[in-house]
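Protein chains: 2
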Amino acid sequence: MAIRGTGVKGIASPRMQRRQKPAPSNGAETDVSPTMHDVARVAGVSIKTVSNVINDFPHVRPSTRTRVLSAIKELGYRPNLSARGLRSGRTGVIGLAVPELRQNYFAELADAIIRAAEKHDLGVLVEQTSGDRDREIAAVTGSGRLRLTDGLLFSPERLGQDDRHLLDNGFPSVLLGERIFGGPIDHVTMHNVSSAQAAVEHLLRIGRRRIALIGAHPDQREELRSADLRVRGYKAALHEAGIPVVPELIRVAAPWHRENGAEAMRALIAAGIPFDALFALNDTLALGALRALGDAGRRVPDDVAVIGFDNIDEARFSLPSLSSVDPGRDVIAATAVELLIERINEKEGQRPPRTIKPEFRIVARESTGHTGTDEPTAGGAAS
Amino acid sequence: MAIRGTGVKGIASPRMQRRQKPAPSNGAETDVSPTMHDVARVAGVSIKTVSNVINDFPHVRPSTRTRVLSAIKELGYRPNLSARGLRSGRTGVIGLAVPELRQNYFAELADAIIRAAEKHDLGVLVEQTSGDRDREIAAVTGSGRLRLTDGLLFSPERLGQDDRHLLDNGFPSVLLGERIFGGPIDHVTMHNVSSAQAAVEHLLRIGRRRIALIGAHPDQREELRSADLRVRGYKAALHEAGIPVVPELIRVAAPWHRENGAEAMRALIAAGIPFDALFALNDTLALGALRALGDAGRRVPDDVAVIGFDNIDEARFSLPSLSSVDPGRDVIAATAVELLIERINEKEGQRPPRTIKPEFRIVARESTGHTGTDEPTAGGAAS
DNA sequence: AAAGGCGTTTATAACGTTGTACTTCTATCG
DNA sequence: CGATAGAAGTACAACGTTATAAACGCCTTT
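Right under this line is the structure:
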């Protein structure tokens, strides 16, 4: 009964689609994204042929191919990844969940991972868990935003050995870091024990005998956390050198931030225990300790030699530059991405989880008396 | 003609879909992701009702809602974002193109942006352009991977004023940084001139008169790059204080990396020109210069007071801690995300591009003789 | 008691792509 | 020269979601 025209009341006239496509009467292009249909029409072929060209399928005549390609270029066509993702079940994006990028270590890790993923034409959606246990759980169980992704690289900071079961989420995932071992999924980590041992041996080699350690975990139980593993390497090195372990030289610091490194060093100095070297369980702690040593008037490396762990970029430029353990970040990133891709492509026959540890090397710099250019003192493996 | 059974030759039997869904005869769930259809069946409603519940539409009876919600929970249903993206034209993901995360400044920027985006339920796909002009062009013109995204936050490092036109890509985009001004898209940047002026005034206030600058652009033309703008602020401060500008104290350094800061400082010292303060055009340069000052035996701040720009986290923990200009990174991030969202939601009526500059503040630390806790010496606006 | 009105719910058609099955064309061979 | 294999191209149906329009209740109104 309604007369053609504006409806009487709330009767909304069929609203125009957001992206209207005017009939391409003139040569000018519209501002909405063209689809395969448009390309097909311009090239005078079916949309499937367009698809075939785009996906490099065989059985497309060269002449047809060039016709389609030029239509694509002319229209500025770009595939709709949502549609492709819906159809193919793949989005071409993987998720990366890290505590926070403002922590140098994770920024560099993310950097390396994005580069590695890019080689495989994968995008990386970065999620920050902010050192929050619940957010880590959300990320790994998929409650989070990451359902647009094909898989997940997960670097926890709060979840621990007891949360192993959470990793078994049926979603392609690869674990990074040193907080959980023996979990149900692939894991790329590092030679914590042997590389820590090598770091301490480096200090021993330059004649130090009273080697402090900063970064032990507050609770006393020996677990599998990287802190515990590195402490184990520290003790092993001392043991093999026949040097007794002095408990007072092992200092707690958590989390591994600069302020805590500085704080632990101040406490160590205040305690009045003599020491001539420091093994900090990561570079950030070491940099904080360096700061506290400077405040206290102790010269590095003359009075105290210092070595860190992780070999973050900053270590090269601190004053003095910081010796460190390079755990092979680029290799870790590349390996993690490759494992994840394998899992994504895996049909059903779940292979058992793998754990991979790239080789490490000790990078000697000024803080342990090295003056020349960067040069690895020792490579290694065999954790 | 073919007998039922294996085909004679290449006749592929209709292959099963990758994700088969067994009839849900028993209570046990299958391992494939359930869809709205599954939820609808379990809840005994239509799929549209499920959709309505998920999208918090009105006109759903409470009893129906709870029934649907429990079905969702029971099945562990999770919406397929590709499908949603296809249908709605939105993916819920924005792109962030930065040079590289291993540069502290960009890591912290990305950190802030991811947090800001999360507040709006947006994911962030991070792309690294690696300081490569072609890759920056690819990112901004959309040739890259970012077509799964609803919009782009772009922080160029190579593109300059002459590339303005490239930004007009018809894709919702917001520009960050100080390399391009007056472009065709929204821009979130900072008060380069006035904040640089304030930084130098800070040095003047503590009695310094021969203030060096590190980070000027190699080419001499005065453009609109952040380097030029900050140099302008430097000169303005000196001018107002009635102090002549000494060209030899203005040192070139590019790009703004530690090594170049150290290098420029070494050159400055070698040139034998007296100076009692340094304004480094960013913190990274300042940290490099700090390193070189230390090597040369100059005390900071006693012999040379130093102030940087950006207020990266690291500035708080260097030795000595570094005074800096805080350009308001969190505000910049939040603003950029909000502008982008506005543009994404914009129908057609293109509002003209906007440029927004948050307030800045000067953070005085040890490198300019401040010993207490962090405290802003001056806030400011009005570029 | 029939007619409307409003709160709910549903059937169905997109969105843009790729896989399957089929058709048409071309060249080669006996 | 007709048969035929393979290359080249096409029609159509998914993928899982949301928007539209229409239908179904149930209650109020006349």
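Sequence order for the protein chains is A and B. The numbering of the first sequence is the working numbering, which starts it at 1 and goes up by one. The numbering of the second sequence is the working numbering, which starts it at 1001 and goes up by one. Note that the Cβ used here is the ideal one computed from N, Cα and C, for glycine as well. Only a predicted model underlies this, so the values are computations on that prediction, with no experimental measurement involved.
### Message
Give me the chain A residues within the contact set of R1291 (chain B), using Cβ-Cβ distance strictly less than 7 Å, ordered along the chain.
### Response
F317 and L319
### Query
Taking Cβ-Cβ distances shorter than 9 Å, what residues in chain B pair up with S324 (chain A)?
Under the 9 Å cutoff, chain B gives no residues; its nearest Cβ is about 15 Å from S324 (chain A).
### Message
Between S967 (chain B) and chain A, is the shortest Cβ-Cβ distance under 8 Å, so that the two count as touching?
### Response
Summary: the structure shown does not reach residue 967 (chain B), with chain B confined to residues 1001 through 1383, and so no result is reported for it.
### Query
How would you list, in chain order, the residues of chain B whose beta-carbon sits under 7 Å from the beta-carbon of V300 (chain A)?
What V300 (chain A) touches in chain B: nothing, since even the nearest Cβ is about 10 Å away.
### Task
Would you check if the distance between the CB atom of P353 (chain A) and the CB atom of I113 (chain A) is smaller than 8 Å?
no
### Task
Would you mind sorting T355 (chain A) into buried or exposed? The rule is 16 or more other CB atoms within 10 Å of its CB.
exposed
### Task
Look at the alpha carbon of A382 (chain A) and the alpha carbon of H191 (chain A), and state the distance between them as a whole number of angstroms.
For A382 (chain A), the predicted structure reports a pLDDT of 44, less than 50, and the residue's modelled location is therefore unreliable. The matter cannot be settled from this model.
### Task
Going by DSSP, name the residue or residues bridged to H187 (chain A).
A:L175 and A:T355
### Query
Since L1096 (chain B) sits in a beta bridge, which residues does DSSP pair it with?
B:V1126 and B:L1153
### Message
Quick check: is any heavy atom of the ligand MN less than 7 Å from the C-beta of I1356 (chain B)?
### Response
Questions concerning the ligand MN fall outside what the structure shown contains, since it holds no ligand whatsoever.
### Query
At a Cβ threshold of 8 Å, is A1023 (chain B) touching chain A?
Bear in mind that the predicted position of A1023 (chain B) carries a pLDDT of just 43, short of 50, making it unreliable; the figure below should be weighed with that in mind. False, the Cβ-Cβ gap to chain A never drops below 8 Å.
### Query
Alpha carbon to alpha carbon, what distance is there between L176 (chain A) and V1174 (chain B)?
33 Å
### CB contact check: V363 (chain A) to chain B, cutoff 8 Å
no
### Query
Going along chain A, which residues have a C-beta under 8 Å from L1287 (chain B)?
F317
### Query
Can you name, in chain order, every residue of its own chain whose Cβ lies under 7 Å from the Cβ of P274 (chain A), other than the five neighbours on each side?
R210
#### Entry: Within chain A, the residues that G1294 (chain B) reaches when beta carbons sit closer than 8 Å
L319
### Task
Using 10 angstroms around the beta-carbon of N282 (chain A), count the other beta-carbons present and answer buried if the total reaches 16, otherwise exposed.
buried
### Task
Quick one: residues in its chain with C-beta nearer than 7 Å to the C-beta of K235 (chain A), no 5 flanking neighbours on either side, listed in chain order?
V245
### Task
May I ask you to report which of helix, strand or coil DSSP gives I180 (chain A)?
coil
### Message
Against I114 (chain A), what residues of chain B qualify as contacts under a CB-to-CB distance less than 8 Å, listed in chain order?
### Response
L1101, V1126, E1127 and Q1128
### Query
When you check each C-beta in the stretch 1193 to 1211 of chain B against every C-beta of chain A, which residues fall closer than 7 Å?
none
### Contacts of L213 (chain A) in chain B (Cβ-Cβ under 7 Å)
By Cβ distance, chain B contributes nothing, its closest Cβ being about 20 Å from L213 (chain A), past 7 Å.
### Message
What does DSSP give as the partner residue(s) for L278 (chain A) in the beta ladder?
### Response
A:A212 and A:V306
### Message
Going by DSSP in three states, R1221 (chain B) sits in which element: helix, strand or coil?
### Response
coil
### Message
When you compare the CB positions of L166 (chain A) and A1083 (chain B), do they come within less than 8 Å of one another, or not?
### Response
no
### Query
Can you give, in chain order, each stretch of the alpha helix (DSSP H) that sits fully within the stretch 25 to 104 of chain A and has at least 4 residues?
36 to 43, 47 to 54, 62 to 75 and 81 to 88
### Task
Tell me whether I206 (chain A) sits in a helix, a strand or coil according to DSSP, three-state version.
coil
### Task
Within its chain, find whatever has a CB closer than 7 Å to the CB of H1120 (chain B); leave out the 5 residues flanking it on each side and keep chain order.
V1337 and I1341
### Outcome for S1324 (chain B) when other beta-carbon atoms lying within 10 angstroms are tallied against a minimum of 16
buried
### Buried or exposed by the 16-neighbour rule on C-beta atoms within 10 Å, applied to H187 (chain A)
buried
### Query
Using a Cβ-Cβ cut-off of 6 Å (strictly less than) and excluding sequence neighbours within five positions of I1344 (chain B), which residues of its own chain qualify?
D1150, G1151 and P1172
### Query
If we call anything under 8 Å between Cβ atoms a contact, is S155 (chain A) one with A227 (chain A)?
no
### Query
For A1179 (chain B), does the count of other Cβ atoms within 10 angstroms reach 16, so buried, or fall short, so exposed?
It should be noted that the sequence gives Arg, not Ala, for residue 1179 (chain B). With 16 or more other Cβ atoms within 10 Å, it is buried.
### Test item: CB-CB of M265 (chain A) and A237 (chain A) under 8 Å
no
### Message
Can you give me the C-alpha to C-alpha distance between R232 (chain A) and P218 (chain A), rounded to a whole angstrom?
### Response
15 Å
### Query
Taking the alpha-carbon positions, what's the P58 (chain A) to G89 (chain A) distance?
23 Å
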